[in-house]
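Number of protein chains: 4
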Amino acid sequence: MDQQRPHQFPQDPNFRSRVITSFAKQAFMKTLGARLARVEPGLVEISLPFDESLTQQHGFVHAGAIASALDSACGYAALTLMPADAAVLTVEYKINLLAPARGPRLLAVASVKKTGKTLIVSTGDVFEKAAGEARKLVATMTATILVAENRGLTD
Amino acid sequence: MDQQRPHQFPQDPNFRSRVITSFAKQAFMKTLGARLARVEPGLVEISLPFDESLTQQHGFVHAGAIASALDSACGYAALTLMPADAAVLTVEYKINLLAPARGPRLLAVASVKKTGKTLIVSTGDVFEKAAGEARKLVATMTATILVAENRGLTD
Amino acid sequence: MDQQRPHQFPQDPNFRSRVITSFAKQAFMKTLGARLARVEPGLVEISLPFDESLTQQHGFVHAGAIASALDSACGYAALTLMPADAAVLTVEYKINLLAPARGPRLLAVASVKKTGKTLIVSTGDVFEKAAGEARKLVATMTATILVAENRGLTD
Amino acid sequence: MDQQRPHQFPQDPNFRSRVITSFAKQAFMKTLGARLARVEPGLVEISLPFDESLTQQHGFVHAGAIASALDSACGYAALTLMPADAAVLTVEYKINLLAPARGPRLLAVASVKKTGKTLIVSTGDVFEKAAGEARKLVATMTATILVAENRGLTD
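Chains as they are written, first to last, in my numbering: chain A, -15 to 139; chain B, -15 to 139; chain C, -15 to 139; chain D, -15 to 139.
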């Protein structure tokens, strides 16, 4: 239902470099091996290659690793539309794990569903991609993001 | 409202060793530095010491790391009450991040809210603990867990 | 991201009459004044005209009334893809209220995001429509539905 | 885990009459037959007697009716702790339906889990009560509530 979403205009012309800089400061994304793959107004993609260090007891990627990449994608999608002096804080999210994922590569794709002065709602999906195969949907998330202003935080 | 919860009886007398063994196979918990702190019928606690490798861009523990520990605690709380041949699969969860957390130690406490033949619902909280201080609530989760039988998975 | 969704094939050729019959038995939908507006494989729309009896304290449609229509739409979207002898049970849902709604007409649009033997995940949006105006997004939901078989329930 | 919750102090000494007045303006609560049963600082209970007009296709109370009462209870629990000039807006909620409910009476019990200047998180349960029987847990919710100030809304 992307056609329902109004065109998104960034308030901060430097939104892309701001997301790149902030992402680079997320030590946890480095721990996961996650990489920023795409940054557009209202849309962010994060790539997560499979690694043994991310697995749960059955050898699949742990739901928490999937959620971490998708949560970051949802938050940064929101940041692309925030004023230059605002920071991102995740208020809450809900994730459905739809299929077990083994990789070799996961892609978290998030976009802004609704903007507001105080809160932004992002939704996103995680896909598993193997060479030469159609991508498979493995998770879906809805996240509520706070536009944090005057809290001593910057992104 | 713990007094509402019926007493929980494990179906598998070896529930504790089963949780310990399964947790040890979660490479991602090792990556996070998370440790199993307590296993009772219908209740599991996981400890997560602060580490720079877990932080987001403002220096707090990443929501994804917090959620990962709490998701595992919710899942293993469910596992303590499952039949011996069943495995844990997280269907979905929702987490509210209530306060930023910097450590030095986080504790994820999860318990079973409702058992069923097919699905188990667990709820849990994450607390931040510093020496000599009252613990601070930093996150709360509700998780739906599938009792996975006959799927070629074991825990 | 509708283009990601695989084509949905109903297992029960009478899925449409089954949904219509089941909806007619939902006394609560009558209480709300909700009407079934569209039934396709994996997709259901429910219309909810504004009525004073549905309002909250500020004169907007109560979140609960919006959620009720959308929950039913999510459940029936799932039912269109279930075997003939299965019944719908909502396991859980999460709804974000994105804008206050006053009507004159709300439309709940739900579709199946992922099918499974035991669980189906549906997502949906509610739109406000006024004559001659673009429709406005007022709420979004993700719902987990149980494919209830052998439980003495029919739809 | 109620023992974890800090004691809640109302900022508005007239919190109780404010909740009662606001509830009386919710036409939808009247439509449901819901009644305010208890108002304390940070805690609200709403009673919902069984009625045929609230049922779904299997004769149980519709998840939407249960969620509506519980959503109102969560919102009003938050309102008891808000400043006198603030109004309640539900940002989002998640509900797990834990058992089918037929009545004769449902009780929605909600309390504040975390207060903040901008957002309040409430959690709540719905119980089914029959004369002479232990109450049965039928649903659980986590709700995020906006402290709406300077938006032209009052409660």
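Using N, Cα and C, we set each Cβ at its ideal position, and we do this for glycine too.
Note that this is a predicted model, so its numbers are computed, not measured.
Quick one: using the 10 Å Cβ neighbour count with 16 as the cut-off for buried, is residue i buried or exposed?
i         : result
D139(C)   : buried
N(-2)(B)  : exposed
A118(C)   : exposed
F(-7)(C)  : exposed
V3(D)     : buried
E36(A)    : exposed
A61(D)    : buried
Q(-12)(D) : Summary for Q(-12)(D): the model assigns pLDDT 41, below 50, so the residue's position carries little reliability; its value from the coordinates is reported in the next sentence. That one is exposed.
A68(C)    : exposed
A49(C)    : buried
G100(B)   : exposed
E29(A)    : buried
D(-14)(A) : Legend: pLDDT at D(-14)(A) = 40, less than 50; position of this residue unreliable, no value from coordinates given.
S1(B)     : exposed
A8(A)     : exposed
Q(-5)(C)  : exposed
Over what stretch of residues does the alpha helix (DSSP H) that includes residue i continue unbroken?
i       : result
D109(A) : Note, D109(A): premise wrong, no alpha helix (DSSP H); beta strand (DSSP E) at 103 to 113.
L54(D)  : 47 to 63
T5(D)   : -1 to 8
In the DSSP assignment, find the unbroken beta strand (DSSP E) run with residue i in it and report its ends.
i       : result
K98(D)  : 89 to 98
K120(A) : 120 to 132
K14(C)  : Careful: K14(C) lies outside any beta strand (DSSP E), inside the alpha helix (DSSP H) at 11 to 16.
R19(B)  : 19 to 24
T74(C)  : 71 to 81
P33(A)  : 27 to 33
Relative to the C-alpha of residue i, which residue among the options is closest?
i       : options                            : result
V45(C)  : M66(D), F12(D), Q41(D)             : F12(D)
A127(A) : A118(A), G100(A), I79(A)           : I79(A)
G17(A)  : Q(-5)(A), A68(A), L91(A)           : L91(A)
L27(A)  : S56(A), G48(A), A71(A)             : S56(A)
S6(B)   : A8(A), G43(A), S1(A), A68(A)       : G43(A)
A83(B)  : A94(D), L103(D), A70(D)            : L103(D)
L81(D)  : M125(D), R135(D), A94(D)           : M125(D)
V23(C)  : T39(C), G59(C), G100(C)            : G59(C)
S95(A)  : T64(A), V75(A), V131(A)            : T64(A)
V72(D)  : A8(C), Q41(C), V105(C)             : Q41(C)
V93(C)  : R0(C), A8(C), R19(C), L54(C)       : L54(C)
G136(C) : S106(C), E76(C), A70(C), S31(C)    : A70(C)
E140(B) : K97(B), A51(B), M66(B)             : The question about residue 140(B) has no answer here: the residues shown for chain B are numbered -15 through 139.
K144(B) : I129(B), K120(B), Y77(B)           : Beyond the ends of chain B as shown, which are -15 and 139, falls residue 144(B); an answer cannot be given.
V122(C) : A51(C), D(-4)(C), T15(C), Q(-5)(C) : A51(C)
L20(D)  : Q10(D), T107(D), S31(D)            : S31(D)
A47(C)  : D109(D), Y77(D), T107(D)           : Y77(D)
V105(A) : V75(D), V105(D), T39(D)            : V75(D)
T39(B)  : P25(A), F34(A), Q10(A), T39(A)     : Q10(A)
Bridge partners of residue i, per DSSP?
i      : result
T39(D) : V45(D)
Exercise for the section: Give a yes or no on contact between the stretch 113 to 120 of chain C and the stretch 84 to 96 of chain C, applying the rule of three or more CB pairs nearer than 8 Å. Expected result: Yes, since at least three Cβ pairs between the stretch 113 to 120 of chain C and the stretch 84 to 96 of chain C fall closer than 8 Å, the two stretches touch.
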